[in-house]
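Everything in the sequence shown is counted per the numbering used here, starting at 1 for the first residue and increasing by one.
We put the beta carbon where it would ideally sit given N, CA and C, even for glycine.
These numbers were taken from a predicted model, which means no experiment stands behind them.
Notes to accompany the following structure.
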Amino acid sequence: MSTLSFKCYVEVPAGSLDNNKADIDRLNHAITEIAGVPHIEWPLGLILEAASVLRETAGKVTVAGSIVRETLIVCGIEPGDTSRRNYGIAVDIGTTVVAVELIDLITGESLATFGEVNGQAGYGEDLLTRLHFAGQSCSETLTGVLRATINGLIEQACASAGISPTEVMAVAVAGNTSMAHFFLGLNPAVMRFEPYIPSINHIPRLRAKDVSLITSPNATVYVFPSVGGYFGGDLISGAIASGIAGGEGVSLLLDIGTNVEAILGNKEWMVAIAGSAGPALEAGVADCARRAEPGAIERATIDPATFEPTYSAIAGAPAYGFCGSGLIDLVAQLYLSGLLDPTGRFVLDKKTARWREINGRMSYVLAEGANGQTPTYITEKDIHNLLTTKAAMIAATTILINSVGVALEDIEHIYTAGSFGIHIDVDSATTIGLYPKLPKERFITLGNGSLAGARAILLDAERIAEAEHIADTITYLELNVHPEFMDIFRSARYI
Numbered sequence: 001m002s003t004l005s006f007k008c009y010v011e012v013p014a015g016s017l018d019n020n021k022a023d024i025d026r027l028n029h030a031i032t033e034i035a036g037v038p039h040i041e042w043p044l045g046l047i048l049e050a051a052s053v054l055r056e057t058a059g060k061v062t063v064a065g066s067i068v069r070e071t072l073i074v075c076g077i078e079p080g081d082t083s084r085r086n087y088g089i090a091v092d093i094g095t096t097v098v099a100v101e102l103i104d105l106i107t108g109e110s111l112a113t114f115g116e117v118n119g120q121a122g123y124g125e126d127l128l129t130r131l132h133f134a135g136q137s138c139s140e141t142l143t144g145v146l147r148a149t150i151n152g153l154i155e156q157a158c159a160s161a162g163i164s165p166t167e168v169m170a171v172a173v174a175g176n177t178s179m180a181h182f183f184l185g186l187n188p189a190v191m192r193f194e195p196y197i198p199s200i201n202h203i204p205r206l207r208a209k210d211v212s213l214i215t216s217p218n219a220t221v222y223v224f225p226s227v228g229g230y231f232g233g234d235l236i237s238g239a240i241a242s243g244i245a246g247g248e249g250v251s252l253l254l255d256i257g258t259n260v261e262a263i264l265g266n267k268e269w270m271v272a273i274a275g276s277a278g279p280a281l282e283a284g285v286a287d288c289a290r291r292a293e294p295g296a297i298e299r300a301t302i303d304p305a306t307f308e309p310t311y312s313a314i315a316g317a318p319a320y321g322f323c324g325s326g327l328i329d330l331v332a333q334l335y336l337s338g339l340l341d342p343t344g345r346f347v348l349d350k351k352t353a354r355w356r357e358i359n360g361r362m363s364y365v366l367a368e369g370a371n372g373q374t375p376t377y378i379t380e381k382d383i384h385n386l387l388t389t390k391a392a393m394i395a396a397t398t399i400l401i402n403s404v405g406v407a408l409e410d411i412e413h414i415y416t417a418g419s420f421g422i423h424i425d426v427d428s429a430t431t432i433g434l435y436p437k438l439p440k441e442r443f444i445t446l447g448n449g450s451l452a453g454a455r456a457i458l459l460d461a462e463r464i465a466e467a468e469h470i471a472d473t474i475t476y477l478e479l480n481v482h483p484e485f486m487d488i489f490r491s492a493r494y495i
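Here you go:
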């Protein structure tokens, strides 16, 4: 019963003159004897369904439910014994990519994982553009395309596992504050402006039909709490996945993306900071920036003697642009080879055929275009944007560390998460100053920490209390309005 939803098979005795309790009362009594819950709550639709199913099956039914504050909230009733078929969906709503994972709640096995570009991208690659669009009375449109993206992924995951989406009885959702608002049907446009106040942080337990999901209509839906406009449930979920809230030593969780988000602390205290990181790692910002898709360069090195590059592209496809990890590698290698100075400017007196003027700007060409395509190159503007993101991250970690008086060397573990943190090379990130200069073995890659935290909640609903406790007790600092931010930010815009 520790999973977010559970099933129990019961055989309800038929009513008689000696036992003339109502059908639902007799069913509740049978459930209580097995599950031991003091209270059971039925939605009207399931009462109507139960009334017929009980009589059709001679009382042999399986009830699905979820515990909310010592009350069993019924999610479904099925004829016969289906207690070994119980499934949950973990959802990570990213600004760029949405991911879902189908979990067998009986075995704990991951049955399928799918991800695709957030359908909102058609209305703006970056979050601020979408918030502006939402502010023009178009929030419902963005809610609709987001839910359609999630439902499409649920359908794919269930089809690959050979089950119906209506067999899913539990959904755990993690996303940044704006994405959570869109998912709920709330307009987050007001969070564009100071003081960045969201409409809601702690979301009550929902049913799938409330948010138009194609799972069982009454499936229980848990949405991770947010803390502020820039500090969302995805970071709380990452904290659950990392275990930072239960650790003895001090750890740092870094989530790098469109926003910079970080948590510092242990089981006794936690401080978090979040704010805009700039668009450097977003696809489409640099001329050759791409999402992490086949053909995007993800790794790069430069020979310091010849200044010639080598690289690897995702899936071994012909190189066409670079993703975030490739950009970080490339800037680090340009600096280490002497082709870039600490301010982010090219050292053009280093002679190489890789220097080329493209669209009126001097560039370093990483890869020639295949089949007549444009070459993959980087400009000083691209590097400037990356150093802006790096400066925001340095400002965040510095302010966090200074706020509690912890020495950098005292941080035992650094957990990296987020769509970019998954793939970033630690050596490259420390070279340009994106990550603190600490021993490499202290860095732990969480993978998709947001999705992992949602999975953890599906398998152990008691961790909901941990997530809510983190949101209630963590000290939150707003990065972009912190009095020390600009001074640290300006001094950190160098390699």
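Reduced DSSP secondary structure (H/G/I, E/B, other) of residue i
i    : result
L434 : coil
I89  : strand
T301 : strand
Y9   : strand
N118 : coil
E194 : coil
D382 : helix
D104 : strand
S450 : helix
S160 : helix
F443 : strand
N259 : strand
H181 : helix
R390 : Looking at the sequence itself, residue 390 is Lys, so the reference to Arg does not match. Reduced to three states, the DSSP call for K390 is helix.
Best match in the options for proximity to residue i [C-alpha to C-alpha]
i    : options                : result
M179 : V98, V68, C323         : V98
R361 : T379, R345, D427, G369 : T379
V91  : D210, S237, R84        : S237
E140 : L184, N28, G45, M169   : L184
I464 : G124, V173, G36        : V173
G80  : R69, V61, I67          : V61
I470 : D234, A189, R192       : D234
D287 : L72, N448, E468, Y377  : Y377
P217 : N266, S164, G247       : S164
F307 : R291, A367, A317       : A367
A22  : R55, E33, G36, V37     : R55
S66  : L27, N19, K267, V37    : V37
S110 : I244, A161, A467, D126 : A161
I73  : I31, I302, T374        : I31
Cβ neighbour criterion (16 or more within 10 Å) applied to residue i
i    : result
F136 : Phe is not the amino acid found at residue 136; the sequence shown has Gln there. Exposed, by the Cβ-count rule.
H423 : buried
W269 : exposed
S5   : buried
D382 : buried
G229 : buried
L479 : buried
F485 : buried
I154 : buried
S363 : buried
Close Cβ partners of residue i (< 7 angstroms) along its chain, the five nearest in sequence each way excluded
i    : result
R345 : E380
A148 : G119
heavy atom of the ligand HEM below 7 angstroms from residue i C-beta
i    : result
T398 : The ligand HEM is not part of this structure, which contains no ligands at all.
Min CB distance residue i to chain C below 8 angstroms
i    : result
A262 : Although the question refers to chain C, the structure presented lacks it and comprises just one protein chain.
Test item: CB-CB of residue i and residue j under 8 angstroms
i    : j    : result
Y415 : I444 : yes
E101 : R455 : yes
A239 : V260 : no
I200 : L186 : yes
L531 : L128 : In the structure as shown, the chain begins at 1 and stops at 495. Residue 531 is therefore absent and cannot be evaluated.
I77  : L46  : yes
V168 : T215 : yes
A417 : L446 : yes
V227 : A272 : yes
H39  : E11  : no
T177 : G232 : yes
V171 : I203 : no
R207 : A189 : no
T107 : L459 : no
Cut-off 6 angstroms between Cβ atoms - residues of its own chain near residue i, not counting five sequence neighbours on either side
i    : result
I297 : Y311, A313, A319, F322, G326
T398 : I488
A64  : S5, K7, C75, G76, M169
A157 : V100, L102, A112, F114
R290 : A283, A296, G321, C323
Cut-off 8 angstroms between Cβ atoms - residues of its own chain near residue i, not counting five sequence neighbours on either side
i    : result
N432 : A small correction: the amino acid at residue 432 is Ile; Asn does not occupy that position in the sequence shown. Around I432: I328, V331, A332, Y335, L386, L387, K390, I495.
G338 : P304, V347, K350
D210 : V221
A14  : A58, G59
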